[in-house]
Amino acid sequence: MILKINGVNIAESPKEFSVTPMDLDDGSTTVRTADGILHRDRIAVKRQIDMSWGLLKWATLATLLQSMSNTFFEFYYPDPMEGTYITKTFYVGNRPCPAALSKNGEIYWKDLKVTLTEK
1102 MILKINGVNI AESPKEFSVT PMDLDDGSTT VRTADGILHR DRIAVKRQID MSWGLLKWAT
1162 LATLLQSMSN TFFEFYYPDP MEGTYITKTF YVGNRPCPAA LSKNGEIYWK DLKVTLTEK
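Here it is in structure tokens:
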């Protein structure tokens, strides 16, 4: 699988990768009426991408985090709805890096998780 941020291959392939197509509804015009019928005004279908990694060298982790440091960035990925690779603009939420350990003088980080949300 090929994944790119701003045209550059990501530093390390994730161990988990999940794409979720999300419907966005207009909050003021999507309503359920007294008869129980939903009147829905969908304004867009966006993507949310969840990725996680196992053990990463510190330099690799830093490269991954820095590649997602801009407010928005282009992400190239296989899209299940489109049936092909596409590029869309995303932003990243929290990026927890919960564990660090040292082995033979090298620092490793484990279980980086990111959620990308389409702009």
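Read left to right, the sequence shown gives residues 1102 to 1220 (our numbering).
The beta-carbon is built from N, C-alpha and C at its ideal position, and this holds for glycine as well.
It should be emphasised that the depicted structure is a prediction, and the values quoted were computed from it without experimental measurement.
Among T1218, P1197, G1206, which has the Cα closest to the Cα of D1212? Counting from 1 along the sequence shown, the entry for residue 1212 is found at position 111. D1212 has its Cα closest to that of P1197, out of T1218, P1197, G1206.
Under the three-state reduction of DSSP, which class applies to S1119: helix, strand or coil? Numbered from its first residue, the sequence shown carries residue 1119 at position 18. DSSP places S1119 in strand when its eight states are reduced to three.
Rounded to the nearest angstrom, what separates K1204 and K1158 at their Cα positions? Stepping through the sequence shown from its first residue, residue 1204 is reached at position 103. Stepping through the sequence shown from its first residue, residue 1158 is reached at position 57. Each residue's alpha carbon lies about 10 angstroms from the other.
Does the beta-carbon distance from M1123 to K1105 come in below 7 angstroms? Residue numbering aside, residue 1123 sits at position 22 when the sequence shown is read from its first letter. Residue numbering aside, residue 1105 sits at position 4 when the sequence shown is read from its first letter. No.
Take T1190 as the anchor and find which of L1217, S1129, G1184 has the nearest alpha-carbon. On the sequence shown, position 89 is the one that residue 1190 refers to. For T1190, the nearest C-alpha among the options comes from L1217.
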